[in-house]
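Below: one structure, written as structure tokens.
Protein chains in written order, with my numbering: chain U, 1268 to 1607; chain D, 174 to 439.
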């Protein structure tokens, strides 16, 4: 039986990265649906303990390559090991994080294996497919769902003829969930071959500077987010004041980030982070599908917008029709009054 | 041997100005219906290429793009900014290519140029954001890749030194040449077109190259060579919530603030 494989990334501390635990959670669901095993590939140095921490996520088999040349991550050593491993294991599905590592490695692997790769999926499901041209019917293939071009469509992508079926997913899009704290998996050591020497020599890391995450809105309980409708970087400062008052984090749409209103780390949406706060206050945000993909699971949504027909209003619990620069100060005053 | 640089560039729809009719029924992009721009990160790659050329006497920069004939516009643009040469891979047989088929076509075109020392391209194009073509071209040519480059730190005949972006930090790497480097939006802006070059190159015809002249296996091109298929596209139908519409009056906002505090949301 061809299995589901998750390529696992390591954090700077040497633990399995959150994105990979999220993918294992999703991978477990896919494997259960398909009746196959879930495998995880862990490539690094001294990573046995990290590898064992994967079992509770429902991983049946950890394929473990342990070699100093595999840490920190470099493209060619990881490519060398993983491409051989996939050829040997023949998984039907391989999942990668849409991170700076996954986005570096996955396309090179896909090119080598001549298989399809869908970037930044927001949903992964198993289903059937009928090819309209050939009339061929496919059962149990991976449906790779993502918002696509222009913003107002959701595309379902399939790779019916090639294996493995590969996809990348951004951090935070899938939920991380322990399926069974006592789940029993095994470690299968992967031999690191001599061919790694050539891969090892191609790119040398001279030095690395790791920053603490300065801005991290992923876990925020309340988010005040601004869109292009905020108008300017100066106006955007009002959101910081608003957020400070109510104890929120500040997020933004891609349009606001592209316009230079705030830092890229604040971008919420398909190509930014996905958030699930208790309350999401969308200020001057029209609500393109890529943005909604990153925030629509918020428990409560308030939209403040001059346009009563802005798409975001359709998913808002409260819509306040008005100019953000007037409404926000008004609301801040009301909030202060109610605290008294 | 002169140092040879290739820049991979793409003419992309201006995603800030997308109108109706942008998609074909088969889920591919209807490029004819859209205004176009030089993909912003490819312009950054061009600047990095021109910087390498400045440092390496005799180096040449060739721009390669794939697209409809009008993609010649970006090759012309690159020429006026300092590129020595460029051409468009344009052929109906390239149409409908996903990233795998695209990278195959580009790598075949690069092979026709003889030995190349350095390939530069934008990290990703704004119409797809996949960031796949760079690493795939590097694999097809069997050369190292350095992605997420932000700054060129040094280059000589055999190596390139780059500052690159990590998720939570910065990495300084030295790669053996030939190599492929993808450049992010944090890199230097591209220099402006040069007036003298614009005048001199005004009437220049940009070369078109077809599938036959790159020695390609036709089965690996275009829609046929693309393993990813669009199964369906759906317009997004919003599940309407019970949305309460409020006028921005003092009493309405007061009531809302009170509700949020009472329900321990704020």
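The beta carbon of each residue, even a glycine, is placed where N, CA and C say it ideally should be. Since the structure is predicted, the reported quantities are computational estimates derived from the model, not experimental observations.
Each residue's CA atom was taken as its position, placing residue 1597 of chain U and residue 342 of chain D some 40 Å apart. Judged by DSSP in its simplified three-state form, residue 437 of chain D adopts coil rather than helix or strand. Contact annotation, residue 314 of chain D with residue 282 of chain D: C-beta distance approximately 11 Å; criterion of less than 8 Å not satisfied.
Straight across, the Cα-Cα distance linking residue 304 of chain D with residue 401 of chain D is about 16 Å.
Between residue 302 of chain D and the set U:1435, U:1329, U:1439, the nearest pair of CA atoms involves U:1435.
Beta bridge pairing from DSSP links residue 211 of chain D with D:184. In the three-state reduction of the DSSP assignment, residue 324 of chain D falls in the strand class.
No Cβ of chain U is located within less than 8 Å of the beta carbon of residue 295 of chain D. Counting along the chain, residue 275 of chain D sits inside no beta strand (DSSP E); it lies in the alpha helix (DSSP H) bounded by residues 272-284.
The three-state reading of DSSP puts residue 1570 of chain U in strand, counting E and B together. When the five nearest sequence neighbours on each side are left out, the beta carbons in the same chain lying within less than 8 Å of the beta carbon of residue 177 of chain D are those of 232, 233, 235, 286, 287, 288, 289, 290, 291, in order along the chain.
In summary, residue 1415 of chain U is buried, with 16 or more beta-carbon neighbours lying within 10 Å of its beta-carbon over all protein chains present.
Counting every other CB atom within 10 Å of its CB across the protein chains shown gives residue 1366 of chain U a total of 16 or more, marking it as buried. Identification of residues in the stretch 334-348 of chain D having a C-beta nearer than 8 Å to some C-beta of chain U yields 334, 338, 339, 340, 341, 342, 343, 344, 345, 346, 347, 348, given in sequence order.
The Cβ of residue 1439 of chain U sits no closer than 8 Å to any Cβ of chain D. Around residue 1452 of chain U, no beta-carbon contact reaches into chain D at under 9 Å, the shortest distance being about 27 Å. Around residue 430 of chain D, the same chain offers no residue with a beta carbon nearer than 7 Å, after the five sequence neighbours per side are excluded. Residue pairing by DSSP leaves residue 400 of chain D without any beta bridge partner. The Cβ-Cβ distance between residue 1584 of chain U and residue 358 of chain D does not fall below 8 Å. Listed in chain order, the alpha helix (DSSP H) elements of length 4 or more contained wholly in the stretch 324-410 of chain D are 368-374. Residue 1496 of chain U and residue 1458 of chain U have their C-alpha atoms roughly 55 Å apart.
Counting along the chain, residue 1343 of chain U sits inside the alpha helix (DSSP H) bounded by residues 1342-1356.
About 15 Å separates the Cβ atoms of residue 293 of chain D and residue 346 of chain D, ruling out a contact at the 8 Å cut-off. Taking the beta carbon of residue 1580 of chain U as reference, the chain D residues within 7 Å of it are 416, listed in sequence order. Residue burial is scored here from C-beta neighbours: residue 1270 of chain U has at least 16 other C-beta atoms within 10 angstroms and is therefore classed as buried. Linking residue 1400 of chain U to residue 1428 of chain U through their CA atoms gives a straight-line distance of about 13 Å. Going by DSSP, residue 1595 of chain U is part of the alpha helix (DSSP H) stretching over 1591-1606. The Cβ of residue 1489 of chain U sits closer than 8 Å to at least one Cβ of chain D. In this structure, the straight-line span from the alpha carbon of residue 1357 of chain U to that of residue 1430 of chain U is close to 8 Å. DSSP places residue 229 of chain D in the coil class of the three-state scheme, outside both helix and strand. Near chain D, meaning a CB-to-CB distance below 7 Å, the residues of the stretch 1533-1552 of chain U are 1538, 1545, 1546. Under the 8 Å criterion on CB atoms, residue 1446 of chain U is classed as non-interfacial with respect to chain D.
Boundaries of the alpha helix (DSSP H) around residue 1467 of chain U: 1463-1469. In the DSSP annotation of this structure, the continuous segment of the alpha helix (DSSP H) that includes residue 250 of chain D starts and ends at 245-254. Under the criterion of beta carbons closer than 8 Å, residue 182 of chain D and residue 238 of chain D qualify as touching, at roughly 5 Å.
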